[in-house]
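Protein sequences appear in the order of chains A and B. So in the numbering used here, the last one in the first sequence is 518, and the numbering has no gaps at all. So in the numbering used here, the last one in the second sequence is 230, and the numbering has no gaps at all. The block underneath contains the structure these notes are about, expressed in structure tokens.
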Amino acid sequence: MARSIVPVSTRSGSSAAALVVVLILGALAAVVSRADVGSGFVGSDWAAIRFTVWQAFLSALISIVLAVPVARALARRRFAGRAVLVTLLGAPFILPVIVAVLGLLAVFGRSGWVNAVLAAIGLPEVSIYGLHGVVLAHVFFNLPLATRLLLQGWQAIPAEQFRLAAQIGLTPWALFRTLEWPLLRQVLPGAAALIFVICLTSFAVALTLGGGPRATTVELAIYQAFRFDFDLGRAALLSVAQLVMAGAAAIAALWILPTIGMGAGQDRPVLRWDAQGGLQRLHDTVVIGGAALFLLLPLGAVVLRGGGGLRLMPSSVWESALLSLGVSVVSVVALLALALPMAAWIATRRSGAVEVIGVLGLSASPLMIGTGWFILINPVMDPSGVALPVTALVNALMALPFALRILVPRLRDTIQDFGQLSTTLGLQGWPLWRWVLLPRLRPQIGFAAGLTGALSIGDLGVIALFADMERATLPLQMYRLMGAYQMQAAAGAALLLLVMALGIFWVCDRGGRWHAEA
Amino acid sequence: MLRLEEAKIVQGEFCLRANFALELGRKYAVIGPSGAGKSTLLAAVCGFVPLASGRLFWHDAEITQMAPGNRPMTMLFQDNNLFPHLSVAQNVGLGIRPDMRLSVQDHERVNAALERVGLQDHASRKPGALSGGQQSRAALARVLVQARPWVLLDEPFAALGPALRNEMLDLVRDLVVETGAGLIMVTHAPDDARRIADEVIFVGSGRADAPQPATALLDNPPPELREYLG
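Okay, structure coming up:
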């Protein structure tokens, strides 16, 4: 085969990549320079590190253990609403963490539905705060992810194998051993490692459901050292610890981390002949119903309670909503400005540079980057003045690995298919983007933009470090309302935030696919 | 005159040498076994594969290092000759100006080219809405407006049925005769070569032979070509 000469300029791509590296390394250098090594870790720091690892381990373990029966049931059953349910499994990805937390509180909280039922039948109430609350929220977010990864694997088993199994009449146990177990052995470690790494950098969940000496993650400890003790040295030291911990985990898991397939599990289910027994049907019904309830009840609670709360929201919530929308739009623009040239650069080289960037992105901690920039900006100007631009930029950086994973494969195909034609026509630079690359990539651009917009609008991370009392994004405003026990107004804000996050995703994604040619 | 001077193409283990000149306005068929390097030869002429050594001349100017888009030629590939997201007219228009800033005269040229290939009523359609033969015609309309001295075909009609393929080859022959362009086409079928080529370039054993008159060569092939033709 003739090696195709690539018409894409790589200069802007490598500049964008260099800019990203400078932004992250600059933060890292600032953090290291200020890290208060003299005092070393105190007892509470070790507790935070232990708690971070332990909750991430439990979250990963419980998520995948629960995901196996759910994915198994979804893989072998066909029923009305299955497609909707599988689509819904993707929703936690763009669901603002604080909205989910509020929904979980409504169901599992002190005066929540579960405790109401428990009290009615005379059982002691459960508490959602502390370790089990943090793990519960992480399972809420990652059970769907694990289920989708497993479902993806299940659907990779050729239909012929199930036909053969039906022909020779394999028992359920034999079918599990010959077909399903090898698959699980292949997919489970990667899924578990991915969830573990994601949960290591958890901040918003720990902020709302954790806290205290026994349930503080390192990210939360950074925030507390920063906001409450004004101890930049200790925040910096903890940032280094966070980076080493998450980075080491990501690098150790580099080879087993799966790609996060965006449309995963959407294909039609394979026709199956096994598991027709009544007991198995009942089992699958219970499993699917239980999982659906677990995922839908909190969301339902947000909608139910939010409707009444909308009228009770102070006007500051609407101002925050407007600010959040602005942050989200800036974040999407910044993401596209970075991701498109970078994707073009990566797509023209052979090796898996994307994978490395993806892993770095997973382990990068927003609070570490935020702390670093705070240290850099502080001597020059008041950091709270740039809270919103910094938030938008950090959100774009966090979304970058996902965006690259979405954009690069399609860009690679486009260059493969139309690179030579473009070259013979003399298409390069802007006309190449205008007439070939952008139109070909429109669905992927829309999807990446939607994802970034939704992640950004719901993000409660860096903004918490930088913001003053006047300026707050919607998630921060909502957190403040919760802190002031204005739960109804917070519920209204949660509904607004939910609608905005889903809305911005829908608009971008639909816009990208609108009239897009295959 | 297009001249390959001691040209050598190396790709890993594969090596192909060529040393001959082609005359403007004549039609050349490139034939030879699969994997012998027919497409690679065209890709090298077109600038997609660098020469390991040797030089390429267009008249007296050396074009060995020239970018593919600037060379005096246009090429039709085996597939992906049209952008599926652009209309037929836009696809043709790109052949005039890559930035698509077309003047009134440019639009007239596009329409004239579409009319010449019989697609005047399909200008606003997307390629996906056209039949295979119509897609080939649209690509040829673009070749027409590009108006380069040489047209290179890397089996763009291979997926068409025999009748349609002959129709396209006849259209290509008429077009290059009308415009005075030279033609270099890769083909598997000796009949195609007989149908439109003046001369045949045989590619085999790491060498592209100098062109020889088509009928004489195909009627009385040397041993290596005889083996290929069967």
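Where a beta carbon is used, it is the ideal one built from N, C-alpha and C, also for glycine.
- Within chain A, L425 have C-beta atoms less than 8 Å from the C-beta of G95 of chain B, given in sequence order.
- Taking a C-beta distance under 7 Å as the contact criterion, V200 of chain B and A210 of chain B do not qualify as a contact pair.
- In the displayed model, Y129 of chain A falls within coil according to three-state DSSP, outside both helix and strand.
- Taking CB atoms only, D417 of chain A has a neighbour in chain B less than 7 Å away.
- With 16 or more other Cβ atoms inside 10 Å of its own Cβ, L94 of chain B counts as buried.
- For R82 of chain A, the enclosing alpha helix (DSSP H) stretches over residues 82-88.
- When C-alpha distances from N142 of chain A are compared across A:I198, A:G210, A:S9, the shortest belongs to A:I198.
- Within the same chain, V327, V462, I463 come within 6 Å of T391 of chain A by CB-CB distance, once the 5 residues on both sides are set aside.
- Taking 4 residues as the shortest admissible run, the segment 1-48 of chain A contains the following complete alpha helix (DSSP H) segments, listed from N- to C-terminal end: 11-34.
- Less than 7 Å divides the Cβ of T371 of chain A from the Cβ of S239 of chain A.
- Against Q420 of chain A, the close residues of chain B are F48, F77, in the order they occur along the chain (beta-carbon pairs closer than 7 Å).
- Secondary structure of K126 of chain B (DSSP, three-state): coil.
- Assigned with DSSP and collapsed to three states, L4 of chain B falls in strand.
- Among the residues facing chain A, N80 of chain B is included, as its CB has a counterpart in that chain under 7 Å away.
- Boundaries of the alpha helix (DSSP H) around I196 of chain B: 190-196.
- The C-beta of H85 of chain B comes closer than 7 Å to at least one C-beta of chain A.
- Secondary structure of M381 of chain A (DSSP, three-state): coil.
- Secondary structure in the segment 161-222 of chain B: the alpha helix (DSSP H) runs of 4 residues or longer, each lying completely within the stretch, are 162-179, 190-196, 214-219 in chain order.
- Beta-bridge partners assigned by DSSP to R55 of chain B: B:E5.
- In the DSSP assignment, D154 of chain B falls within the unbroken beta strand (DSSP E) covering 150-154.
- When Cβ-Cβ separations below 7 Å define contact, P401 of chain A makes no contact with chain B.
- Nearest to V21 of chain A by alpha-carbon distance, out of A:V408, A:V394, A:L183, is A:V394.
- Counting only runs that start and end inside the segment 177-214 of chain A, there is no beta strand (DSSP E) element of at least 3 residues.
- Distance check between A60 of chain A and each of A:L335, A:I195, A:A467 places A:I195 closest, using alpha-carbon atoms only.
- For V30 of chain B, the enclosing beta strand (DSSP E) begins and ends at 27-31.
- Taking L149 of chain A as reference, the option from A:A71, A:V317, A:V286 with the minimal CA-CA separation is A:A71.
- For P439 of chain A, the closest Cβ of chain B is nearer than 7 Å.
- Put simply, the CB of P431 of chain A is near chain B, with a gap under 7 Å to one of its CB atoms.
- Think of a sphere of 7 Å around the beta carbon of D99 of chain B: the chain A residues whose beta carbon falls inside it are P431, in chain order.
- In this structure L498 of chain A is in contact with V99 of chain A, their Cβ atoms being roughly 5 Å apart against a cut-off of 8 Å.
- Listed in chain order, the non-local C-beta contacts of L24 of chain B below 8 Å within the same chain comprise M1, L2, P149, W150, G180, A181, G182, local neighbours out to five positions each way being set aside.
- Counting along the chain, the unbroken alpha helix (DSSP H) around L232 of chain A starts and ends at 232-252.
- With respect to chain A, the C-beta atom of P68 of chain B has a partner C-beta closer than 7 Å.
- Not a single C-beta of chain A is nearer than 7 Å to the C-beta of T215 of chain B.
- Here Q146 of chain B carries a helix assignment [DSSP, helix/strand/coil].
- A Cβ-Cβ contact shorter than 7 Å links A246 of chain A with S363 of chain A.
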